[in-house]
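Number of protein chains: 2
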Amino acid sequence: MNLLYDFPTELSQELFSTVFASPDVRIERIVSHGHASPPGFWYDQDEAEWVMVLSGAARLQIEGAESAIELRPGDHVNIPAHQRHRVEWTTPGEPTVWLAVFHGASVAPEDSPSTPDVT
Amino acid sequence: MNLLYDFPTELSQELFSTVFASPDVRIERIVSHGHASPPGFWYDQDEAEWVMVLSGAARLQIEGAESAIELRPGDHVNIPAHQRHRVEWTTPGEPTVWLAVFHGASVAPEDSPSTPDVT
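Note that the protein sequences, when read in sequence, are chains Z and V. Residue numbers for the first sequence follow our numbering, beginning at 1 and rising by one. Residue numbers for the second sequence follow our numbering, beginning at 120 and rising by one.
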């Protein structure tokens with residue numbers, strides 16, 4: 001799957017595709033087409049997320065930050081686990097393609113140990 | 120640092136920049152400008168590497184594979200640890216920008232345990 005070109009031209013919802021997954025990392029391609037997070041909605045994730053815009057344009061709001069982060073192709077940001085954030089805007093004129101690398105807590109979340117206790 | 124635009128226009132060698140690093144993942148931006156691996160040279164890495172071409176074009180040879188993999192922007196491949204590979208060609212007419220996500224053995228290589236034995 002080519003990450004920049006292989007997706008439907010019409011999308012009523014954001015499209016999430018897992019590109020690669022291993023025990024320590026998960027890579028997703030996300031395609032937005034003018035989509036934004038619903039008003040008042042915040043992502044609050046167990047995993048950290050390094051995210052980059054591949055095409056299009058977006059504004060990412062980090063909770064507590066004075067202003068949103070403008071992201072154009074090649075721009076990137078790491079969002080620590082449980083750092084609340086939302087997508088304020090993506091450009092309506094073309095698809096915005098994100099590459100997201102989830103890492104960290106994915107390996108062994110506190111509530112689900114990866115190795116059982118041996119007694 | 121914008122990954123697509125922030126680099127010198129003239130590069131005598133490939134340019135490697137660490138974009139993000141954590142205990143479980145390391146993200147690098149690599150810029151090639153017509154560079155290829157020296158004849159007979161093979162990369163043999165302790166870490167697995169998921170790699171994507173962001174701009175330009177490249178041919179990646181995996182040892183034992185019949186033909187090289189053509190990579191254009193949006194194309195990607197995961198190279199397991201110790202899978203020998205080389206860059207056969209990158210386009211001379213423009214920079215080829217790679218995004219590489221190193222993962223796996225980076226966390227705890229077999230020869231360097233991440234936690235000391237307690238005796």
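Think of the CB as a built atom: it goes at the ideal place given N, C-alpha and C, for glycine as much as any other residue.
> Just checking my contact of H201/V with D163/V at CB under 8 Å: how many whole Å lie between their CB atoms?
Replying inline: At roughly 6 Å, the Cβ-Cβ gap stays under 8 Å, so H201/V and D163/V are in contact.
>> Taking the alpha carbon of E88/Z as the reference point, which residue from I62/Z, P8/Z and E94/Z has its own alpha carbon closest?
In response: Comparing Cα-Cα distances from E88/Z to each of I62/Z, P8/Z and E94/Z, the minimum goes to I62/Z.
>> Is it buried or exposed, S17/Z, if we count other Cβ atoms within 10 angstroms and call 16 or more buried?
In response: S17/Z comes out exposed.
> Mind listing which residues of the region 6–34 of chain Z have their C-beta closer than 7 Å to chain V's C-betas, in chain order?
Replying inline: Under the 7 Å Cβ criterion, the region 6–34 of chain Z contributes V19, F20, S22, D24, V25 and I27.
>> Between W50/Z and chain V, is any beta-carbon pair separated by less than 8 Å?
In response: So yes, W50/Z belongs to the interface.
>> Excluding the 5 residues flanking T120/Z on each side, which residues of the same chain have their C-beta closer than 6 Å to its C-beta?
In response: What the structure shows of chain Z is the stretch from 1 to 119, and residue 120/Z is not part of that stretch, so it cannot be assessed.
> At a cut of 8 Å, does the region 62–75 of chain Z reach the region 24–41 of chain Z through at least three beta carbon pairs?
Replying inline: By the criterion of at least three beta-carbon pairs nearer than 8 Å, the region 62–75 of chain Z is not in contact with the region 24–41 of chain Z.
> Taking Cβ to Cβ, would you say A167/V is nearer than 8 Å to I198/V?
Replying inline: It is a contact, given that the beta carbons lie within the stated cut-off.
> According to DSSP, is N197/V helix, strand or coil?
Replying inline: Three-state result, N197/V: strand.
>> I want to verify the contact list: residues of chain Z whose CB lies under 7 Å from the CB of L123/V, in sequence order.
In response: One finds P73 and G74 in chain Z with Cβ atoms closer than 7 Å to the Cβ of L123/V, taken in chain order.
>> So for T210/V, helix, strand or coil by DSSP?
In response: Note: T210/V maps to coil in three-state DSSP.
> A184/V: buried (16+ other C-beta within 10 angstroms of its C-beta) or exposed?
Replying inline: Exposed.
> Is it buried or exposed for T128/V, if we count other Cβ within 10 angstroms and need 16 for buried?
Replying inline: Classification for T128/V: exposed.
>> Going by DSSP in three states, R26/Z sits in which element: helix, strand or coil?
In response: It is a strand residue.
> Which term fits W42/Z, buried or exposed, when burial requires 16 or more other beta carbons within 10 angstroms of its beta carbon?
Replying inline: That one is exposed.
> With 16 other CB atoms within 10 Å as the buried threshold, where does M171/V fall?
Replying inline: Taking every protein chain shown into account, the CB of M171/V has 16 or more other CB atoms within 10 angstroms, so this residue is buried.
> Using the rule of at least 16 other Cβ atoms within 10 Å of the residue's Cβ for burial, across every protein chain shown, is D236/V buried or exposed?
Replying inline: With a pLDDT of only 45 at D236/V, under the threshold of 50, the placement of this residue in the model should not be trusted; the figure read from the coordinates follows. Classification of D236/V: exposed, given that the 10 Å Cβ count is below 16.
>> Below 7 Å on C-beta distance, what does V249/V contact in chain Z?
In response: Since the first and last residues shown for chain V are 120 and 238, residue 249/V lies out of range.
> So what's S112/Z in DSSP terms, helix, strand or just coil?
Replying inline: Any reading at S112/Z needs caution, since the residue's pLDDT is 42, under 50, leaving its predicted position unreliable; the model's value is listed next. In this structure, DSSP gives S112/Z a state outside helix and strand, which the three-state scheme calls coil.
>> From the DSSP secondary-structure annotation, give me the bridge partner or partners of M52/Z.
In response: Partner(s): H76/Z and L99/Z.
> So, helix, strand or coil for T238/V, using DSSP?
Replying inline: Only weak support is given to the placement of T238/V: the predicted model assigns it a pLDDT of 42, under 50, and the question is left unresolved by the model.
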